[in-house]
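Worksheet: one structure, shown below.
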Amino acid sequence: MNNKEYTNIVFIGLMGSGKTSIGKKVARILGFQFIDTDEYVEKITGKKIAEIFKQEGELRFRSEETLALKRLSGQTQHVISTGGGIVVKEENRNLLKELGMIIYLEASVEKIFERVSGNKKRPLLRGTDVMQKIMELKNQREHLYKEMADLTINTGEKSFDSVVQEIIRSLKR
Ligand code: S3P
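In terms of this note's numbering, the sequence shown opens at residue 5 and continues consecutively.
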């Protein structure tokens, strides 16, 4: 692993791709601190994400994500799981790249649908055709995830543990 990779590990990918659960496990194995940018934004603002979206809109939420990333800069030995849309803002992409090694967790729309349907916490999926929305988000964002990734892990039909092991093995290479 080179120096950039050692600073922090950042997980990117669509909602429901496993960033938080996998990130937590990878952090535990590496002995790194775990941070989820969604939780961090909620802590900084004192508001739930759904509230920020509803009261202030998505653009404001993206700026809160920028603030969270700025506060994280200078930290080391953290595993950072990000909100799925953090990459749409250029400033966020630049801040993320500076933070450390970026791992894109790639998952099919079907798998994502399976994981997120029934979960009411995500404002972008409210009152809409969920499958349609996931496809739309994937089309809009996939090139950004791929362009940013130092490592892409296809989570496919793999078990949670095998994805974690694949990541740990790649980090040791
Ligand atoms: C979003 C994904 C969510 C959260 C917010 C917006 C998105 O995070 O940041 O609801 O734009 O895709 P997860 O990817 O952790 O679900």
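Glycine included, each C-beta is placed from N, C-alpha and C at the ideal position. Being a predicted model, the structure only gives us computed values, none of them experimental.
- Quick one: does the C-beta of Gly-87 sit closer than 7 angstroms to a heavy atom of the ligand S3P? yes
- Burial state of Thr-80 (16 or more Cβ within 10 Å): exposed
- Item | Which of helix, strand or coil DSSP assigns to Glu-161 | coil
- Task: Find the nearest neighbour of Ile-13 within the set Met-135, Thr-159 and Ile-106, judged by alpha-carbon distance.
- Result: Ile-106
- Would you say the segment 24-40 touches the segment 121-140, given that touching needs at least three Cβ pairs under 8 angstroms? no
- Task: Rank Ile-53, Val-91, Tyr-44 and Ala-153 by C-alpha distance to the C-alpha of Arg-75 and give the top, closest one.
- Result: Tyr-44
- So what's Leu-18 in DSSP terms, helix, strand or just coil? coil
- Query: Quick one: any contact between the segment 155-171 and the segment 101-116, if contact means 3 or more CB pairs under 8 angstroms?
  - Reply: yes
- Task: Can you give me the Cβ contacts of Ala-72 inside the same chain, cut-off strictly under 8 angstroms, excluding the 5 residues immediately before and after it?
- Result: Thr-41, Tyr-44, Val-45 and Ile-48
- Message: Taking the alpha carbon of Ser-85 as the reference point, which residue from Lys-28, Ser-166 and Ile-116 has its own alpha carbon closest?
- Response: Lys-28
- Message: Rounded to whole angstroms, what is the Cα-Cα separation between Val-91 and Phe-65?
- Response: 12 angstroms
- Query: Under a three-way DSSP split, which group does Ser-25 fall into?
  - Reply: helix
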